[in-house]
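This report refers to the structure that appears directly beneath it.
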Amino acid sequence: MLGAIEAGGTKFICAVGEADGTIHERIQIPTTVPAETMQRVVEFFQAYPLEAIGVGSFGPIDVNPESPTYGYITSTPKLAWKDYPIVQTLKDAFAVPVGFTTDVNGAALGEATLGAAKGLDSCLYITVGTGIGAGAIVRGEVLEGLSHPEMGHILLRRHPNDPYQGKCPYHHDCLEGLAAGPALEERWGEKGIDLVDRHEVWDLEGYYLAQALMQYILILSPKKIILGGGVSNQPQVFTAIYQYLPELLQGYVHIPELSTYIVSPGLGNDAGITGALLLADRALTKN
Ligand code: ADP
Ligand code: ZN
């Protein structure tokens, strides 16, 4: 039996299941302070004979096995979780191997194995929600390096008619600062869900996301791109991306037909938790 955690900034989803993606049981736990949230996580898993645990976590996190703070949530703005050793806490409680990567890397692994990119050894998973982040599978492995990619914070060409200053506390008008849910809300004065009929909102959203996707395509050459997160629930986002991306690429690189290349998650809302199960399985086989 495998344990899986999708550790998010507002809630933790915990599940027990199998390497084929079967989920036997799951719960949601609000993300409050580590002592409280992790106690409930441990209580949930204690009822099962776990062999390994996989964690896809909000971050930034330390994924470098050589680092003294490997397995920590590091410089997160959620201050109670700053410098929190989540992997060690789980190892202390269960004495099993723990797989650990970002939430979006986990979702990318789920989609590449059992979702929209099933059978491919390469894909990109991008979420556009409270923040923007992306994870990648390259040659079948989760992409990590010095640390993990932070693809939500790339710089873009500003739309000439967009005076909005941007919402990222670090970079102001990076991709996340211009195009994540809270940026939409601040720029347009209403929540994304209430802006459905405003064409200009989704046109601008696609204008920025298409630029980001162009760069990911040029740098990583993913075989499939999966676009998830709350904001991507708006079909107009896809429509605008499908319009702007070819204009940007100008046929320089060949990509498949867009409606089959840039798609919604095949696993729906379960991409992250399924990926976490697969991380657990990989941790088990590695040990
Ligand atoms: P999180 O990123 O916190 O995991 P979500 O992916 O649901 O959660 O993203 C939440 C953000 O997405 C909020 O800013 C919310 O306003 C926006 N959002 C959620 N659903 C929709 C929707 N259907 N249309 C547009 N925006 C949405
Ligand atoms: Zn930024």
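In terms of my numbering, the sequence shown has 215 at position 201, counting the first letter as 1, and numbering is strictly consecutive.
The C-beta atom is built at its ideal place from N, Cα and C for all residues, glycine as well.
The structure displayed is predicted, hence computed values, not measured ones.
In this structure the stretch 81-97 does not touch the stretch 255-266; the number of beta carbon pairs closer than 8 Å is below three. In this structure, the beta-carbon distance from glycine 35 to leucine 128 falls below 8 Å. Here glycine 154 has Asp135 as same chain residues with Cβ atoms under 6 Å from its own Cβ, once five neighbours each way along the sequence are excluded. Under DSSP, the beta-bridge partners assigned to tyrosine 98 are Ile87. If you draw a straight line from the Cα of glutamate 57 to the Cα of proline 279, it is about 30 Å long. Take the alpha-carbon of leucine 16 and the one of leucine 272: they are about 36 Å apart. Bounds of the alpha helix (DSSP H) holding threonine 299 are 285-300. Inter-residue distance for tryptophan 95 and phenylalanine 26 is about 13 Å (C-alpha atoms, whole angstroms). Glutamate 20 and threonine 116 have their alpha carbons spaced roughly 9 Å apart. Taking every residue with its beta carbon within less than 5 Å of a heavy atom belonging to ligand 1 gives, in chain order, Gly143, Thr144, Gly195, Lys205, Gly206, Ile207, Gly243, Gly244, Val245, Asn247, Gln248. The straight-line gap separating the alpha-carbon atoms of leucine 189 and arginine 296 is approximately 32 Å. In the DSSP assignment, the residues bridged to leucine 169 are Cys188. Contact annotation: the stretch 105-115 does not touch the stretch 209-221, with fewer than three C-beta pairs closer than 8 Å. In this structure, cysteine 28 places its C-beta atom within 8 Å of the C-beta atom of isoleucine 41. By the Cβ neighbour-count rule, aspartate 106 is exposed, with fewer than 16 other Cβ atoms within 10 Å of its own. Ranked by Cα distance from glycine 195, the options His185, Lys181, His186 are led by Lys181. For ligand 2, residues qualifying as neighbours are His167, Cys182, Tyr184, His185, Cys188, Glu190, Gly191, where qualification means a beta carbon closer than 6 Å to at least one of its heavy atoms (chain order).
Excluding residues up to 5 positions away in sequence, Asn78 lie with their Cβ nearer than 8 Å to the Cβ of leucine 160 in the same chain. When beta bridges are read from the DSSP output, phenylalanine 26 appears opposite Ala21, Ile43. For serine 278, no beta strand (DSSP E) encloses it, and the DSSP letter there is neither H nor E.
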